[in-house]
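Below: one structure, written as structure tokens.
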Amino acid sequence: MEGIIKAVCISEKRGTVKKNINEVKVIKDFGLEGDAHAGKWHRQVSFLSADIVDEFNEKGASVIEGDFGENVLVYGIDFKKLPVGTKLICNDVKFEVTQIGKECHSHCEIYKRVGDCIMPREGIFAKVLEGGMIKVGDKIKVIYPDKDMPYQAAVITLSDKGSRGERVDTSGPKASEILREHGFEIIEEILLPDEMAQIKKELIRLSDSRQVDLIITTGGTGLSPRDCTPEATLAVADRNVPGIAEAIRAGSMTITKRAMLSRGVSVTRKKTLIINLPGSKKAVEESLSFIIDQLPHGLDTLRGNTQDCGRN
Numbered sequence: 001m002e003g004i005i006k007a008v009c010i011s012e013k014r015g016t017v018k019k020n021i022n023e024v025k026v027i028k029d030f031g032l033e034g035d036a037h038a039g040k041w042h043r044q045v046s047f048l049s050a051d052i053v054d055e056f057n058e059k060g061a062s063v064i065e066g067d068f069g070e071n072v073l074v075y076g077i078d079f080k081k082l083p084v085g086t087k088l089i090c091n092d093v094k095f096e097v098t099q100i101g102k103e104c105h106s107h108c109e110i111y112k113r114v115g116d117c118i119m120p121r122e123g124i125f126a127k128v129l130e131g132g133m134i135k136v137g138d139k140i141k142v143i144y145p146d147k148d149m150p151y152q153a154a155v156i157t158l159s160d161k162g163s164r165g166e167r168v169d170t171s172g173p174k175a176s177e178i179l180r181e182h183g184f185e186i187i188e189e190i191l192l193p194d195e196m197a198q199i200k201k202e203l204i205r206l207s208d209s210r211q212v213d214l215i216i217t218t219g220g221t222g223l224s225p226r227d228c229t230p231e232a233t234l235a236v237a238d239r240n241v242p243g244i245a246e247a248i249r250a251g252s253m254t255i256t257k258r259a260m261l262s263r264g265v266s267v268t269r270k271k272t273l274i275i276n277l278p279g280s281k282k283a284v285e286e287s288l289s290f291i292i293d294q295l296p297h298g299l300d301t302l303r304g305n306t307q308d309c310g311r312n
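Following the UniProt record's numbering, the residues of the sequence shown are numbered contiguously, the last one being 312.
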């Protein structure tokens, strides 16, 4: 699949409309030169389909290049259908898609003017793997991710005291350490209080927009009135995967009978597996030891890489 660049846009200050400058230098691991949204993060460059913008204007809008906050406007590619991990090649420049869509925190000027904004649902974001020059009229080639690309994971630590800076919570970092040792790429590590709305929001974002293979949560699985991780997880789930949580409890029961009090669940949302772990470093290490070797088969199944789960 190929597309043609219609516009390359930047804004020198955040909160100002991006303008088409026709040609720009793309800086490795940073973004477009002179753009206020470039930086050392995963949303270095934004892309939007020019075809979708044309359809939007046919309904009575009158937007121009950059009005939606996009950096690169392209004909011929429906970006929202590209999975995270897709490579976009233009001349010597190589981008990697890191996020599909985004949350609209406050309505932009376009929304206020016409009652809609397509960027949150149609736009994508990418990081720059290789730099160079791009300009209007250049071709962009799409290369879909390899089926055997490393599993991507996110770790969410739930701790009221940790989020307030009253203690250092080591359970999440321990989970990340173990996952890295087993070949996972950790793309985000988040520390949150035991607040259901915040937990749900992050689980949805990581599953839908960042499309991670695995989310591990630590903490919030006990009987305290503040412990709401299982409820938040179930609230965003498409399907229950009870065997994982059952295996963790069964293994933990051989170590301590108190394991029966853990309420952690395991579920899927779209193609993401979400697993709740207890909130102590020791419990995280023990829990992952019971399941880590079997996770690749489940994650491959979610990716669609397995043909037959039966045994010969």
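For every residue, glycine included, the Cβ atom is placed at its ideal position computed from N, Cα and C.
Buried versus exposed, by CB contacts within 10 Å (16 or more), residue i
i, result
"PRO242", "exposed"
"GLN294", "exposed"
"THR16", "exposed"
"VAL168", "exposed"
"LEU234", "exposed"
"ALA250", "exposed"
"ALA197", "exposed"
"ASN22", "exposed"
Helix, strand or coil at residue i [DSSP, three-state]
i, result
"ILE292", "coil"
"ASN312", "Residue placement at ASN312 cannot be trusted, given a pLDDT of 40 that sits under 50; what the coordinates show is reported in the next sentence. ASN312: coil per DSSP, three-state reduction."
"GLN211", "coil"
"LYS161", "helix"
"LEU223", "coil"
"GLY251", "helix"
"VAL155", "strand"
"residue 314", "There is no way to answer for residue 314, as the model of the chain reaches only from 1 to 312."
"ILE143", "strand"
"LYS102", "coil"
"ILE244", "helix"
"ILE52", "helix"
"ALA36", "coil"
N-terminal and C-terminal residue of the beta strand (DSSP E) that residue i is part of
i, result
"SER49", "45 to 49"
"ARG269", "266 to 269"
"THR217", "214 to 218"
"ILE186", "185 to 192"
"ILE178", "Element bounds for ILE178: not the beta strand (DSSP E) but the alpha helix (DSSP H), 171 to 181."
Residue closest to residue i, alpha-carbon to alpha-carbon, out of the options
i, options, result
"THR229", "LEU158, GLU103 and LYS135", "LEU158"
"LEU299", "PRO150, VAL93 and ALA247", "PRO150"
"ILE77", "ASN91, VAL53 and GLY66", "VAL53"
"LYS80", "PHE47, LYS13 and VAL63", "PHE47"
"GLY279", "THR218, THR256, LEU273 and GLY264", "THR218"
"ASP238", "ALA259, GLY251, LEU223 and ILE204", "ILE204"
"LEU288", "LYS141, SER209 and SER171", "SER171"
"GLY137", "LEU302, MET253 and GLY3", "GLY3"
"SER209", "ILE100, SER62, GLY39 and LYS201", "ILE100"
"CYS90", "VAL74, VAL63 and ILE140", "ILE140"
"HIS182", "ASP160, ALA153 and LYS18", "ALA153"
Residues bridged to residue i (per DSSP)
i, result
"CYS9", "ASN20"
"MET133", "LYS25"
"ASN276", "THR217"
"LEU261", "Per DSSP, none; premise fails for LEU261."
"CYS117", "Answer by DSSP bridge pairing: none, since CYS117 is not bridged."
"ARG239", "THR268"
Residue i CB to nearest heavy atom of the ligand FAD below 7 Å
i, result
"ARG205", "The ligand FAD is not among the ligands present in this structure, which contains no ligands whatsoever."
Boundaries of the alpha helix (DSSP H) in which residue i is found, first to last residue
i, result
"LEU82", "Premise fails: LEU82 is in no alpha helix (DSSP H) and is neither H nor E."
"LYS201", "196 to 204"
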